[in-house]
Structure formats: structure tokens, C-alpha cells
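Counting the sequence shown from 1 gives a position; this note's numbering is that position plus 1. Written below as C-alpha cells is the structure these notes are about.
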Amino acid sequence: MVNAVLIAVLVMILLSLFRLNVVLALFIGALAGGLVAGMGYGEVISIFTEGIVGGAEIALSYALLGGFAALIAYSGITEVLVGFIIRTLKKEQSKKARIVAKVSIVFALLAISIMSQNLIPVHIAFIPILIPPLLSLMNELGFDRRLIAVVLTFGLTFPYVVLPIGFGQIFQNTIVTGFQSAGVDIAFSEVAPALIIPAAGFVAGLAVALFFYRKRRYYKTIEIGDDTPKQINSKTITIAIIAIIITFSVQIMTDSMIFGALAGIMVFFLSFQFKWQQLDDELVSGIKMMAYIGIVMLAANGFASVISETGHVNSLVDGIAGALEDQKVLIVISMLLVGLVVTMGIGSSFATIPIISSIFIPMGMELGLSITAIIAIIGTAGALGDAGSPASDSTLGPTAGLSADGQHNHIWDTCVPTFVFLNIPVLIAGFVAGMVL
Numbered sequence: 002m003v004n005a006v007l008i009a010v011l012v013m014i015l016l017s018l019f020r021l022n023v024v025l026a027l028f029i030g031a032l033a034g035g036l037v038a039g040m041g042y043g044e045v046i047s048i049f050t051e052g053i054v055g056g057a058e059i060a061l062s063y064a065l066l067g068g069f070a071a072l073i074a075y076s077g078i079t080e081v082l083v084g085f086i087i088r089t090l091k092k093e094q095s096k097k098a099r100i101v102a103k104v105s106i107v108f109a110l111l112a113i114s115i116m117s118q119n120l121i122p123v124h125i126a127f128i129p130i131l132i133p134p135l136l137s138l139m140n141e142l143g144f145d146r147r148l149i150a151v152v153l154t155f156g157l158t159f160p161y162v163v164l165p166i167g168f169g170q171i172f173q174n175t176i177v178t179g180f181q182s183a184g185v186d187i188a189f190s191e192v193a194p195a196l197i198i199p200a201a202g203f204v205a206g207l208a209v210a211l212f213f214y215r216k217r218r219y220y221k222t223i224e225i226g227d228d229t230p231k232q233i234n235s236k237t238i239t240i241a242i243i244a245i246i247i248t249f250s251v252q253i254m255t256d257s258m259i260f261g262a263l264a265g266i267m268v269f270f271l272s273f274q275f276k277w278q279q280l281d282d283e284l285v286s287g288i289k290m291m292a293y294i295g296i297v298m299l300a301a302n303g304f305a306s307v308i309s310e311t312g313h314v315n316s317l318v319d320g321i322a323g324a325l326e327d328q329k330v331l332i333v334i335s336m337l338l339v340g341l342v343v344t345m346g347i348g349s350s351f352a353t354i355p356i357i358s359s360i361f362i363p364m365g366m367e368l369g370l371s372i373t374a375i376i377a378i379i380g381t382a383g384a385l386g387d388a389g390s391p392a393s394d395s396t397l398g399p400t401a402g403l404s405a406d407g408q409h410n411h412i413w414d415t416c417v418p419t420f421v422f423l424n425i426p427v428l429i430a431g432f433v434a435g436m437v438l
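In C-alpha cells:
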């Protein structure tokens, strides 16, 4: 029997690799999977449409955060930061100075992206604020943007696997809930230690990527946005800093990215230091920049709904278990691959956990695996694919910043490199964890 989930995900990935728009690829993939599962056209469209509703909040969040990012850039604070870096670099034109500058930028972006998941949980909102103004400097230093895509995606995915705070607390709580739903009680404190080995795969992959993409890659220096000189002064910089602080504070207090972004936007308008018409133009421009990510996330929610409705995730796992019987090595590998397929398709590791845990937990216990090993397998299977999925915000975010001048392709410059250098090492590390824990 042909499995609908495999068909849906393969169709979506292949169409994306052939550079068809991701939104269209998601819809066609969902349609193919639904038809294979025996659904009619009308039923697939209905389920897909209902699933879209579930992603409305996150789509609006990203659009507003994009608008807020544009206002931050308009204030001039990013130009001040980049200008300082460029002046510092030009003071000493030696090869050593350039190497130090490149290393500093990589580690600064790595630290910021990691902090965006826990210390200041803004997720991908920092990318359109920080990355576009840095592109000209990256071009001057000879960066390969594929390396930056891997660095940013690492920072967006590694923390929730191993750090039990911020988005990591949500992810690891989802694993605990999955065990509870399967009738097994585990402590929250058991999850993070079990995921240390899988998380080591992220670190190993990043190290290889740093070496692989060390050579210079050439890009054209293209002016991004309005090249009219901005009147930057201490007042506009202060307003930007206040807006950032209020945005983060409101988001943490309300647990809402929407209200956080709205609060930051209102700081700019109520400061009366800028013309409202100009602010409105910048706001709309920023919303457009991030709205595409929101649309992809809506389509991904519809795709996920169709996949879940087919019921073929269960039959896929049951088929694997039946075919392999008690061959522990092959079953563990298959469980991880199922997680990879599901997450690649729906683009969300958080949404993958509930889908696979109800199946994997009983199967793992029947195989005689320890609770720690099952946690490692489920955590790895959930995280797998997030880094390389065309529909994941962990890849869409980096692309939104790195493609601001149109010279960075989402599939071949973000998804493929992050899949190779992050997903594959994590798959290997997850297998090791499932076997030795």
C-alpha cells in the first residue's frame, strides 16, 4: 500500500527543489497525499482550509514583527552599529583584522540567535532587523551566506533541544505531555539530559559547516531600500532602544508576539520624532517582507492538517514495525526517519511531537528501550527536519534576512545546506543516543 504521508512530503520537497514556490508546493503535496489516502478533492481542500486557521496568530505575529523591524532600521540604529564595525575594520586593513572581523560576526550572530530562543524570546524577529544592514559588510569580507544560514538556523534550533528555558521549555514540555498521553509519567527534568547526545549532532554539524564554507563567495553590492540619508541623532536612537525594550517586555508579560510588536510600533508613532506618513510607509514595507513567511506558515498548517487526517503516519510506523519485527537497530533508524519525514513536511518540530509520541512510546517500550532512550528518539525525531524544511520558520527567517538583496535562494542556499550540516549529524547522534542510553 502506498503511504500518503510519504507521497505528500516527497512531492512537496521535489517541487521545492525544482524551485516551485513553497506555498504552491505545500498545497500540491497536500492534494497528492490526500488523494492517495482516498480523499476527494473537496475534502482535501476543506481540511487544508480549516488547518490554515490554526496558523493565523503566528502569521499575524510575523507580519507585525516585520513591520517593527523596518521601523527599527528606519531609526538608524542598525546603520550606527554597522558603521562602527566598518570604521573599526578600515583602521587596520591587514588579513588578520579581516579574519578577526569575520570570526566576531559569526560568533555574534550565533550568540544573538541562541539568545532569541530563551533569554530574549523573539525567535526570528531579530533577523530582518540585523541581517540586511550587514549584507554589504559581509560582501566586503567575502562571507559565504550559506554559512550564515547554517549559523542562524543552528541558533534557532539547537537551544530548544537542550536548554529547558524559553522555547526549549515549550518543546520539552510537549515531550512530557506526549508521555503522559501515552500513560507514562516522566519528570520534566529528565528530558534535557536525554537530549544532550542528539544536540551534540548540531554542534558537530556547525563545526563542519564553518570549515566547509570558509572560502570567499562573491556577491554584488546592491542598495537595499531607500538610499536617502537618514537624520540619525541621539533621540531617534533612544526611541529605538526604548521600543525594543518595551516590545520584549510586553511579549514576555502577555506571552504574545502580536501585542509585543504592536507596543513597539506604537512607541515610534507616539514619540512624534518621525513623520507618521513615512513611518506608515516603512511599516507596510516591513509587513510585506515578513508576510510571505506568514503565508508559508499558514500553508504549512493546512498541509499538516491533511497529513494528520490521512491517518497514514500510524500505518507507516505499524508497517515498519511489522516488517522489521525485533530488529532494534533498523526500527530505531526507521523511527527517526519517520520523524524527519513528518517534520520536513509540516515545518514544525513542536507540532511533530504529538503526532509521533503516541506511536513511538508504546513501540519503544515493547522493544525494551529505556525511558531515556525513548525520550532521546522522540526529541530527535521531532527536531529532525526543522533545520532543512522549506516550510520551517527556522529556515524561512534566515532566508528573509539573507535574501534582502535578492542574492540568496531559500531552497539551495538555506534549506539544502542546513539539511546537510544540521539534520544529518543530528540523525546520526540521535541514533547513537537511542542505542546506548
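Ideal placement from N, C-alpha and C gives every residue a C-beta, glycine not left out.
- prompt: Roughly how many angstroms lie between the CA atoms of Ala208 and Ile29, to the nearest whole one?
  reply: 36 Å
- prompt: Since Leu403 is in the alpha helix (DSSP H), which residue starts that stretch and which ends it?
  reply: Asp394 to Leu403
field: Any alpha helix (DSSP H) of 4 or more consecutive residues that is wholly inside the stretch 294-354
entry: 313-325 and 329-347
field: Nearest residue (CA-CA) to Ala70, options Ala374, Leu271 and Ala292
entry: When Ala374, Leu271 and Ala292 are compared, the shortest CA-CA separation from Ala70 is found for Ala292.
query: Comparing alpha-carbon positions, which option in Ala382, Ala392 and Ile360 lies nearest Val162?
result: Ala382
query: With burial defined as no fewer than 16 other Cβ atoms inside 10 Å of the residue's Cβ, what is the status of Ala392: buried or exposed?
result: buried
- prompt: From what residue to what residue does the alpha helix (DSSP H) around Gly156 run?
  reply: Note, Gly156: alpha helix (DSSP H), Arg146 to Val163.
Close-in-space but distant-in-sequence residues of the same chain around Asn315 (CB under 8 Å, 5 per side omitted): Ile360
field: Rounded straight-line distance, which links the Cα of Ile176 to that of Ser117
entry: Roughly 22 Å separates the two Cα atoms.
task: Would you kindly check if the distance between the Cβ of Glu310 and the Cβ of Met13 is under 9 Å?
output: Using a Cβ distance threshold of 9 Å, Met13 and Glu310 do not count as a contacting pair.
message: With distance defined between alpha-carbon atoms, name the residue in Asn22, Thr373, Leu317 and Lys216 nearest to Ile198.
response: Thr373
message: With a threshold of 6 Å on Cβ separation, who are the neighbours of Ser390 within its own chain once the five nearest residues in sequence on each side are excluded?
response: Met345 and Gly348
task: Kindly give me the distance between the Cβ atoms of Pro129 and Gly386, rounded to whole angstroms, as I take these residues to be in contact under 8 Å.
output: 24 Å between Cβ atoms; not a contact.
message: Could you compute how far the alpha carbon of Met290 sits from the alpha carbon of Lys236?
response: Each residue's alpha carbon lies about 27 Å from the other.
field: Buried or exposed (CB count within 10 angstroms, at least 16 for buried), Tyr214
entry: buried
Thr154 vs Ser404 beta-carbon contact at 9 Å: no
Cα-Cα separation, Asn424 to Ala388: 6 Å
message: DSSP three-state label for Ser390, please.
response: In the three-state scheme derived from DSSP, where H, G and I count as helix and E and B as strand, Ser390 is classed as coil.
query: Would DSSP call Ile375 helix, strand or coil?
result: When secondary structure is reduced to three states using DSSP, Ile375 falls in the helix class.
- request: Specify the secondary structure class of Phe273 as computed by DSSP and reduced to three states.
  value: coil
field: Collapsed DSSP secondary structure at Ile240 in the structure displayed
entry: helix
field: Touching by the beta-carbon criterion (3+ pairs, under 8 Å), the stretch 327-343 and the stretch 42-62
entry: no
message: By the three-class DSSP mapping on this structure, what secondary structure does Asp256 have?
response: coil
message: Helix, strand or coil for Phe19? Go by DSSP, reduced to three states.
response: coil
query: Do Val307 and Gly34 have their C-beta atoms within less than 9 Å of each other?
result: yes
- prompt: For the alpha helix (DSSP H) that Leu72 lies in, which residues bound it at each end?
  reply: Ala57 to Ser76
task: Specify whether the stretch 74-81 and the stretch 237-251 touch according to this definition: at least 3 beta carbon pairs, one from each stretch, less than 8 Å apart.
output: yes
message: Given this structure, state the Cα-to-Cα distance separating Phe304 from Ala195, to the nearest angstrom.
response: 31 Å
task: Compare the C-alpha of Val330 against each of Thr419, Phe108, Leu15 and Gly369 and name the closest.
output: Gly369
query: Leaving out the 5 sequence neighbours to the left and right, which residues in its chain are closer than 6 Å to Ser350 when beta-carbon positions are compared?
result: Thr344, Gly383, Ala384 and Asp387
message: Please report the distance separating the alpha-carbon of Phe270 from that of Ile113.
response: 27 Å
Simplified DSSP state of Lys216, which is helix, strand or coil: coil
Simplified DSSP state of Asn174, which is helix, strand or coil: Note: Asn174 maps to helix in three-state DSSP.
query: Going along the chain, which residues of its own chain have a beta-carbon closer than 6 Å to the beta-carbon of His411, five neighbours each way excluded?
result: Same-chain partners within the cutoff: Thr400.
Endpoints, the alpha helix (DSSP H) within which Ile100 is located: Lys96 to Met116
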